[in-house]
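Protein chains in written order, with my numbering: chain X, 818 to 1055; chain F, 818 to 1055; chain C, 818 to 1055; chain Y, 818 to 1055; chain W, 818 to 1055; chain U, 818 to 1055. Each residue gets a CB set at the ideal place from its N, CA and C atoms; glycine is no exception. Here is the structure we will look at.
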């Protein structure tokens, strides 16, 4: 039995609220249960220095937790003067995941920044962020298409992400904080609609795991991502 | 005529939503029109080094804008590795304003941190933050009283804040971004219920102003703070 | 009775020594009693990035305390690797105050940096800095005019600043350290010759204050600034 | 055909030279072909603050590339003043991998720091670092056992790591730089002797991959790790 | 002929003004011609962590140039967020030089910090700083002796420093900025009264130099230091 | 008797291994006994901003100790976020020493960066670094000459460096760590083949020293540098 009473392959309630803030080209408040992440997509008419005059665009991400998104207050990274290794690892993962589904040449010489700010944390913030970021990116690209700034849709796939793990010996889907903090293994899968894998990461926290477990975690992730794809589709209205 | 169509002494709609996040001892989403600030109050069983073993507590504040709270994306302070002068000035003001209404001895040797994160900005973020922070502080202190951690209420006043300014020659209350960016003078008043002043700041942006204007701005601030005090009272249920 | 024996509306001795150092275009050692600030004005043939090719100049300020300007040694900000919030707040105020009295278009595409280094602190360092900075700016602009680099005087007003406060219930002018550290309220006024206000800031430190007190502090500031304007005029010889 | 002429499941030459430097409790120069990493294990009689008085030890890692380990010189992180996200991600992975095979309670209240400095880079630096770090850790723990500082061997498994990837459609083992920079997918596996998995990470760089590919990469990793386990055993003489 | 018209072995006018600021235990404005350095000695009842409970004290120095001490404005190290290599090199030299003449055991468990702030630079700032720092240290130690905080004088020697160099082929004493910026070699000597050497540094800037030149520079330094010792003695009244 | 049993004027075994790493234009592992420094010379087709379009090149150096190059582990400067004063002082010395023997105009508008990373430390790391850096520079310049990128050899001298010191009253050559840590004086000499001096630094650590000692240290340095020049010549094959 999971602490939340959910079945092993049961996701938390997914909610994707678009237009949560008004300035960003794409703005989404994504919730996986009590985990809530605000993702904004900002279109900028510039690219990073290493891409100047290369005829292509860029998609990147930044991630942050509000200090009291968690049970006890964490110190503010802006006040400490640097981002933690965890923050950098997560924002690199988010950026990579979204770049996996966009044709940067079709985007033109512009950058889309995906800001993922965790309002409330209850496990799975990075995968919720990726799942929401796709919606924010979709909304921002739709604006570029509508305005005629770009003529061809650069988004080539849907992408979603979910965490799974082995909790008290059982592979389970979409860990909340209570499960996450005592899991033997913790995995994050970033999947395309159709089944391809953009990223798989499975880390032993307590006992190391075997190949069969890895495959069962992946199968759970497929179940979860189907639901996320549906929620994304509903959020963008197609 | 103001760009928003408001009368010179007319506030934007004030909304104070408590319990916006679940972990913090006090959590408030405060809106002044399109300006929305999430304020959390976190109780910590420690005090800053300069207060150790002095038999008193501390109240402090941190302030931040989400990168895309504004019209164009601002860079993330955690990524730049330092807080701007503007951020530091604002968080010092918020901390000072709240310390003006609390008896730190009665609080005991603990610290309350007020995190003010601007979700969406449309002028007046620091004054909305102060107004919301009082509610978050009130909620957190109520928990301390309810749990018996402290026996006497350390909060001795209500405090609220509002911005005013001289826009196209007319003193107006509660500037939004459009007014703020073209105002001749920009003022922030932090007032106690009953009329005392905790902080007055009035800065010429274009033309310098005279004593009469300063007084008119103060009078507008009094009008605005009356409404904020009412909204605070409604939010905390007394 | 004030600790110094001064009357409530009595300034400390003001001294403005020009040419204290030889390299700067304007150099001033300004003293308000035992508070001594070295202000240099440096003319640079460049403007900050946000003003490039906008046909106007810029005036900015930096502020610092020598570590042992104070009773006990403070740590050196260069060694700590960052400027405190207090330092940033003060240098923003100084820059704003001087920009209030200069026509940046007439200055042309150049920047004047006002470095305010506190040699000895005894209260009122920021207001002494502003008062001295006007003289340093005047001297630097006079050199630009004399050399023909600019043809029209960009300085449109005189500006001076002074602190006031409520000490043991009495509004007093030009607080020294002893008064400042025990004042109930602490105010800084930046005034133009003629009476207009560039900046008013009044902060409750102990008890909050009322409107009448704010007005009395402003009146004291007017008395003090008259004497500062006279000292500035004497220093620049007109 | 691979650029190096190797078969798809062929490792580069593995070399593990112990005692490369004299001060460290464990010191190893590990080579996977032209990739060379110096790993030292330093025993310190202290633990990080979060573990004080908890009756257990800690194992952590730091990773760095010498500026000219690579084809073109990279800037020195100490000179830039911060470690890149990539560096932090790698050193977190190394630390986690080694903590997966040690009983921290049996280690006692001490810390072992694994410094992994890349002398020369040709792909697979992080997996070479993990593989070498196990040897350095083994040597350092042997000294603790020999000196009587600890009585029971805290190392409970052997761990090795290797990179694999999909290069021109073919899953290949132990990518060198040429393959790595053009691979469609890039994976790192951290395996225990016996077959359990401590960490699996597989990232699409070009095209996303399917489940079958993930499994084939894992099978290649098993082949590579067998050889690494043998080299580790030879290096430590058992 | 030297640009200043001085003879090769002629010092600039030395002036040592004590009591330049009022808070520090020792305060000196030292001038070597147009080079002016404010040195304060601050006594602190603590020692650095590595000396705690070792029964001895510490003497250390910090050095800084005011931004406009020089011909063109230099950027402020506090604003840049770090001290330059030159600054660190100089303050290490100053600290070492003064520690060479004090018995740290007799000083007791306290620290004296020598802050050397260059008000105006015209060559030789580090040697002027050392020469002035001895006076500031002497004054601070005299206060400790007078108050009974220490019973035995810990200062065991007089120390002075001067720069010399080879300018247009001629060894000259006490270089000013014009000479310094075109010298072939630049040397700094820190000497004890009586002739012993605490530090000798001679750097080729253009052509390398020979042993004979090194000796002639040292002889010039002896001439200069005699005058500095006399000025120091006059300043401290003995 | 020296702790190592060496005669006062006896160097440790010098070893200069070229081609230690494969990517750098010049790569050298230099050993003075147990002190081992990896020096790479990297040619870059750019110059620092202050030299742009000046028709000359630049040579600069960076220095670092691997954390466990020493008896006890030192913290990693990249992790601390800044380079120590010692590091900066040393890398400035190395850069200066090599610039003393190269005609920067003949080098053309390119920069050579000398990275000196201490693999193992046993005293004299900075002088070993300088001595090895000359070889790395020589190798890199030879490549530029061979490729026709430059037509005239810009290297105008050989340079070598060695430490000396006064140990238990006796001037000795090439101090190892044991001697270095208890020496009364510590000197570093950077000499050209032929006898000219590029840099002389002699610091009293315990007792101050006299002129005769300075000369004897210099004479020892000459003896040591002769051997280093021979080793350099052997390493570059001429």
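Let's test the definition: count the other Cβ atoms within 10 Å of the Cβ of residue i and tell me whether it reaches 16, buried, or not, exposed.
i	result
residue 818 of chain U	exposed
residue 984 of chain C	buried
residue 1055 of chain Y	exposed
residue 867 of chain W	exposed
residue 1012 of chain X	exposed
residue 986 of chain W	exposed
residue 869 of chain F	exposed
residue 1030 of chain X	buried
Residues in its own chain within less than 6 Å of residue i by CB, not counting five upstream and five downstream?
i	result
residue 1064 of chain C	Nothing about residue 1064 of chain C can be reported from this structure: the residues present for chain C run from 818 to 1055 only.
residue 1017 of chain F	1006
residue 846 of chain F	834, 837 and 855
residue 1048 of chain U	831 and 833
Less than 7 Å between C-beta atoms, sequence neighbours within five positions excluded: which residues of the same chain meet that for residue i?
i	result
residue 857 of chain U	838, 841, 843, 844, 932 and 953
residue 917 of chain C	976 and 1015
residue 826 of chain X	990, 1037 and 1040
residue 849 of chain Y	829, 831, 941, 945 and 991
residue 1042 of chain U	977, 979 and 1008
Closest by CA to residue i, which one among the options?
i	options	result
residue 914 of chain Y	Y/893, Y/878, Y/892 and Y/831	Y/878
residue 991 of chain U	U/851, U/833, U/911 and U/834	U/851
residue 1008 of chain X	X/986, X/1044 and X/1028	X/1044
residue 876 of chain F	F/1031, F/869, F/853 and F/912	F/912
residue 920 of chain W	W/888, W/971 and W/967	W/971
residue 882 of chain W	W/895, W/874 and W/872	W/895
residue 965 of chain W	W/994, W/947, W/923 and W/891	W/923
residue 995 of chain C	C/880, C/870, C/865 and C/888	C/888
residue 959 of chain Y	Y/1028, Y/1053 and Y/822	Y/1053
residue 950 of chain C	C/1046, C/892, C/1028 and C/988	C/1046
residue 988 of chain W	W/865, W/1048, W/957 and W/1028	W/1028
Quick check: residue i and residue j, are their CB atoms within less than 7 Å of each other?
i	j	result
residue 934 of chain C	residue 855 of chain C	yes
residue 859 of chain C	residue 829 of chain W	no
residue 1038 of chain F	residue 1001 of chain F	no
residue 897 of chain W	residue 898 of chain C	no
residue 902 of chain F	residue 873 of chain C	no
residue 907 of chain W	residue 853 of chain W	no
residue 817 of chain U	residue 927 of chain U	With chain U covering 818 to 1055 only, the question about residue 817 of chain U has no answer from this structure.
residue 978 of chain C	residue 998 of chain C	no
Would you list the residues sitting across from residue i in a DSSP beta bridge?
i	result
residue 835 of chain Y	Y/845
residue 820 of chain U	Answer by DSSP bridge pairing: none, since residue 820 of chain U is not bridged.
residue 880 of chain F	F/933
residue 1026 of chain C	F/1014
residue 943 of chain F	DSSP output for residue 943 of chain F lists no bridge partner at all.
residue 1003 of chain W	W/982 and W/1020
residue 853 of chain W	W/848 and W/937
residue 928 of chain C	C/861 and C/875
Give me, in chain order, the residues of the same chain whose beta-carbon lies closer than 8 Å to that of residue i; leave out the 5 immediate sequence neighbours on both sides.
i	result
residue 936 of chain C	846, 853, 854, 855, 883 and 886
residue 864 of chain W	871, 873, 874, 875, 926, 927 and 928
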